[in-house]
Amino acid sequence: MPDLDLLRGLGDELVPPDFDALVTTARRRTRRTATTTVVSAAAALALVAGATFLALSDDDGTPTPIGPPKVVTHPLTYAEGATIHYGDQDVTAAGAVVELDVTDDGVLARLDDGGIWFTDGTDLEQVGTLGQPTPAFTEMPQGPPNVPPGFVVSPNTGSQAAWFEFPEPGKPELVVFDTHTREESLRTPVDLGGAGYAVLAAVTDTSAYWYTSHEPDSLGVYDVLIPDARIDLATGVQGPDTTHQFAAETQVQNTPRTIMVSHAQGNEPVRYTVSDGIFWQFGVGKHKVEPAGAQPLDARDGGTSAPFTFTSPPGQPESGIDWLTQWLDDDTVVIVANAHGQDDLIECHVSTRACDLALEVPEAAVMPEIG
């Protein structure tokens, strides 16, 4: 179809930069990289100071100091029953947790009674309720291996989150919630048109997207599914995504906390699709941790173009179906590996291409995004 060809054409431009040329950029982005010399540290300080003086000043001309960029990290998060483990903090909910989403400010938890709650690791605050979705509005059915189930969506960075609520069966409302201010930024009925089906796919700073079909179009070999409905968060206008805004917002190279994937072989041109990586299936073996999918498969870190394959933790057993569940920072992902009736939470680092066993949790534990 012409529209799909246009979408795929956007991927033609996603050719990764030369890896060696990105070493410096990678070091700036990698939060675990130490300053290598006193000279380079001094030079960097002088450069920052100069930039501050030239860029910013008060009304009287006095330079306004600025601090270093905010380091955004997410704590390792999971839930057992009613207990939410958010880094070193434990919070107990009123019922069993069935879904988790982590933002820069805390964690959203959907309970088995449909209540949606938010915590920053201290108190829990109810911020929504699912209501009564009909079968047509349940989680995405089993499909490609990188489609997370659930009702709540959030990006890998930022404070934005969104979900559908059903005050009446079959009549969804879109709720967009700012976890920093703890306020709704938008609540509006969803225009289903003739589809009669909607599954929320993503929320960005400007838009929210949803699927209106069980079999949406895709980029790559089912690497990225393309939602076909969109709402502009500023204007509230909603309808088909005929302008391909989703691809324009998401298919961007040099984006931290993404994975670029290509299936080119032989002399074929290398074309990459960009995914946030959440719910991507991985193979965890005794020696290697690598993404699964249609072969050949070349996976790269979106921020640095480094290969997205890793060395297994020492003594790690081979496991079955494993999933990427969380980005802790630009350099670190968490992969949940099922081994011998328990889940191993493995932290893998782009900068070192090595993984460590972070934690062993019960198999029934609920993980961010993937349940």
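Residues in the sequence shown are numbered consecutively from -4, following my numbering. Using N, Cα and C, we set each Cβ at its ideal position, and we do this for glycine too.
Presumed contact (8 Å Cβ cut-off) between residue i and residue j, rounded CB distance
i, j, result
"Thr201", "Ala229", "7 Å"
"Ala224", "Thr245", "At roughly 15 Å, the Cβ-Cβ gap does not stay under 8 Å, so Ala224 and Thr245 are not in contact."
"Leu352", "Pro308", "4 Å"
"Ile341", "Val279", "7 Å"
"Phe277", "Val284", "6 Å"
Short Cβ contact (8 Å threshold) for residue i with residue j
i, j, result
"Val185", "Phe159", "yes"
"Gly116", "Thr174", "no"
"Leu95", "Pro363", "yes"
"Phe172", "Tyr204", "no"
"Val170", "Arg182", "yes"
"Ala301", "Val328", "no"
"Arg348", "Thr304", "yes"
"Val148", "Val92", "no"
"Ala88", "Val361", "no"
"Asp99", "Ser154", "yes"
"Asn333", "Glu313", "no"
Neighbourhood of residue i by C-beta, 6 Å cutoff - its chain only, sequence neighbours within 5 removed
i, result
"Gly126", "Glu160, Phe161, Pro162"
"Leu42", "With a pLDDT of only 31 at Leu42, under 50, the local geometry of the prediction cannot be trusted, and no value is derived from it."
"Gly76", "Ala91"
"Pro164", "Gln127, Thr129"
"Pro143", "Ile273, Phe274, Glu364, Ile365"
Sequence-distant residues of the same chain with beta carbon closer than 7 Å to residue i, five excluded per side
i, result
"Gly109", "Thr124, Leu125, Gly126"
"Val247", "Val269"
"Pro251", "Arg24, Gly297, Gly298, Asp325"
Buried or exposed (CB count within 10 angstroms, at least 16 for buried), residue i
i, result
"Val331", "buried"
"Ile226", "buried"
"Gly336", "exposed"
"Thr320", "buried"
"Ser257", "buried"
"Val86", "buried"
"Ile316", "exposed"
"Gly297", "buried"
"Asn151", "buried"
"Ser180", "exposed"
"Gln311", "buried"
"Asp339", "buried"
Beta-carbon contacts of residue i that lie in its chain and below 8 Å, excluding the five residues immediately before and after
i, result
"Pro211", "Leu220, Ile221, Pro222, Asp223"
"Thr114", "Ile79, Tyr81, Val86, Gly101, Val102, Ala104, Glu120"
Notebook entry, point to check: Taking only runs of the beta strand (DSSP E) that begin and end inside the segment 114 to 186, which ones reach a length of at least 3 residues, in chain order?
Noted result: 119 to 124, 155 to 163, 166 to 173, 178 to 184
Check: Can you give, in chain order, each stretch of the beta strand (DSSP E) that sits fully within the segment 260 to 335 and has at least 3 residues?
Finding: 268 to 270, 276 to 279, 283 to 286, 293 to 296, 317 to 324, 327 to 334
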